[in-house]
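A.B. asks: For the sequence shown, our numbering assigns the number 1 to the initial residue and increments by one for each residue that follows.
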Amino acid sequence: MRFSEFKQTLKTNPMLEYDPKTTDKQLKDLIIQRLRTEDDRDMLDKIYQALNKSTLDERISGVLATDEDAKGKLKVFAGIVMNTEGTFEEKNNFVQNYNSGFIDTDKLRSPNQVHSYNEWIMGDTFVKRVFNELYKYTPQGIGAGEYALAVLSPNIQFSGRSAEMAGDLVIDGVMTEVKAKASAGGRFYDGRKAKMNQRAVEGKFKSLGIEVGKGISANMFVRHRPNIDPNELPSLVDTIIKGAFTFIKDDESQKLRSALTNGDSNVIKKEWGLLSYPNYQRMSKFESMLLLDGPKAHSLYFTDVEAVSSILKVGQPYVCGPDQQVHPQIEFAI
């Protein structure tokens, strides 16, 4: 971009928009370019010093092991805060109150209840704008919202990515998996750990004369079911469940087994979604889950999926198909 174009961009779009493809160095350079006055630079320095004196570098250090050092990230955070729309007084208040944090983790972790972000983001409208800007900052594959939560509360840390650690965030000492919705809900699944056996499922369908093609959704399975030999159905259902739910015991899958046998697509969707939670929890070893709905700015925290079964909205599972499609997208009703 030529300098004249950059100046015009500042006039028409003065706020900093985070692009995941932008490196931290490019982002820091852009931040410095957008500072208008010496007062801006003084405020940026104040914000950076506040972050630097906090425990932020310790909280995020685990996830930065293969990234730029924590100090470099602090400069980026300081710049994002500086470029968030707000008065000098609002930014100064942010600096003064930073060490206390801006996330009410008790409210955030109140189980089985849908909350507006405004219920657990503490502070003025400037703090909320900062959260919204940081929410979009997703370096190194970190999910939306995770950095925003970790950098705005001393009670939230990254769990790290070692084999001994689990979940995305540690909130008040609890290992928590975070699933953030952008345009659609997340899947209760980790491709690195799932150990699914879709080859066996595909082979079973083919042995019954059913072509899999690009996959067989729950709805498609229901249409095929009347043509399946009743003597073969129990074996097929067993293969489907074992091919998708490696971490589930036989006596835990009875509801889904019954739904598949009876051929009710709505019940299959519901029971598949509910069973995917303990399967995912065991493969990833987290204690709780936090669902974030970015577009609607609401959250849902839970440890027992049955307790929120009436709130969850489960998409279409695939009884056979690519691993990434087998488990459905799941979001929650607001």
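Where is the CB? At the ideal position from N, CA and C, for every residue including glycine.
Predicted, not measured: the structure shown is a model, and the values here were computed from it.
With DSSP as the reference, label residue 264 as helix, strand or coil.
C.D. replies: coil
A.B. asks: Is the CB-CB distance between residue 177 and residue 286 below 7 Å?
C.D. replies: yes
A.B. asks: For residue 334, write down the residues that DSSP places opposite it in a beta bridge.
C.D. replies: None; residue 334 has no bridge partner.
A.B. asks: Output the residue ranges of the beta strand (DSSP E) runs that lie fully inside the region 81-131 and measure 3 residues or longer, sorted by chain position.
C.D. replies: 114-116
A.B. asks: Taking the alpha-carbon positions, what's the residue 205 to residue 188 distance?
C.D. replies: Straight across, the Cα-Cα distance linking residue 205 with residue 188 is about 25 Å.
A.B. asks: Does DSSP classify residue 176 as helix, strand or coil?
C.D. replies: Strand.
A.B. asks: For a quick check, are the C-beta atoms of residue 330 and residue 296 less than 7 Å apart?
C.D. replies: No.
A.B. asks: How is the alpha helix (DSSP H) around residue 220 delimited, first residue to last?
C.D. replies: Start and end: 218-224.
A.B. asks: Could you compute how far the alpha carbon of residue 148 sits from the alpha carbon of residue 182?
C.D. replies: 15 Å
A.B. asks: Decide yes or no for the touch test of the region 273-284 against the region 76-90: beta carbon pairs closer than 8 Å, at least 3 of them.
C.D. replies: no
A.B. asks: What would DSSP say about residue 316, mapped onto helix, strand or coil?
C.D. replies: coil
A.B. asks: DSSP state of residue 215, grouped into three classes?
C.D. replies: coil
A.B. asks: Could you check the C-alpha separation between residue 322 and residue 175 for me, to the nearest Å?
C.D. replies: 29 Å
A.B. asks: Taking the alpha carbon of residue 184 as the reference point, which residue from 119, 318, 245, 294 has its own alpha carbon closest?
C.D. replies: 294
A.B. asks: Going by C-alpha to C-alpha distance, which of 116, 101, 120 sits closest to residue 107?
C.D. replies: 120
A.B. asks: Ordered along the chain, which non-local residues of its own chain (more than five positions away) have a Cβ less than 8 Å from that of residue 155?
C.D. replies: 101, 103, 105, 171, 172
A.B. asks: Let's test the definition: count the other Cβ atoms within 10 Å of the Cβ of residue 217 and tell me whether it reaches 16, buried, or not, exposed.
C.D. replies: buried
A.B. asks: CB-CB under 7 Å to residue 318, same chain, minus the five flanking residues each way: which ones, in chain order?
C.D. replies: 215, 216, 217, 325, 326
A.B. asks: Decide if residue 269 is buried, meaning its Cβ has at least 16 other Cβ atoms within 10 Å, or exposed.
C.D. replies: With 16 or more other Cβ atoms within 10 Å, it is buried.
A.B. asks: Exposed or buried, what is residue 146 when buried is set at 16 or more other beta-carbons lying within 10 Å of its beta-carbon?
C.D. replies: buried
A.B. asks: Between residue 299 and residue 117, how many whole angstroms is the CB-CB distance? I'm expecting something under 8 Å.
C.D. replies: Between residue 117 and residue 299 the Cβ distance is about 7 Å, and since that is below 8 Å, they are a contact.
A.B. asks: Please confirm whether residue 201 and residue 240 have their CB atoms less than 7 Å apart.
C.D. replies: yes
A.B. asks: Tell me the DSSP secondary structure of residue 62 in three-state form.
C.D. replies: Model confidence at residue 62 stands at a pLDDT of 46, short of 50, so the residue's coordinates are unreliable; what they give is reported in the following sentence. Looking at residue 62 - three-state DSSP - the assignment turns out to be helix.
A.B. asks: What are the boundary residues of the alpha helix (DSSP H) that residue 299 is part of?
C.D. replies: Where residue 299 is concerned, there is no enclosing alpha helix (DSSP H), although the beta strand (DSSP E) it sits in stretches over 298-302.
A.B. asks: Hey, how far is the Cα of residue 256 from the Cα of residue 109?
C.D. replies: 29 Å
A.B. asks: Under the three-state reduction of DSSP, which class applies to residue 228: helix, strand or coil?
C.D. replies: coil
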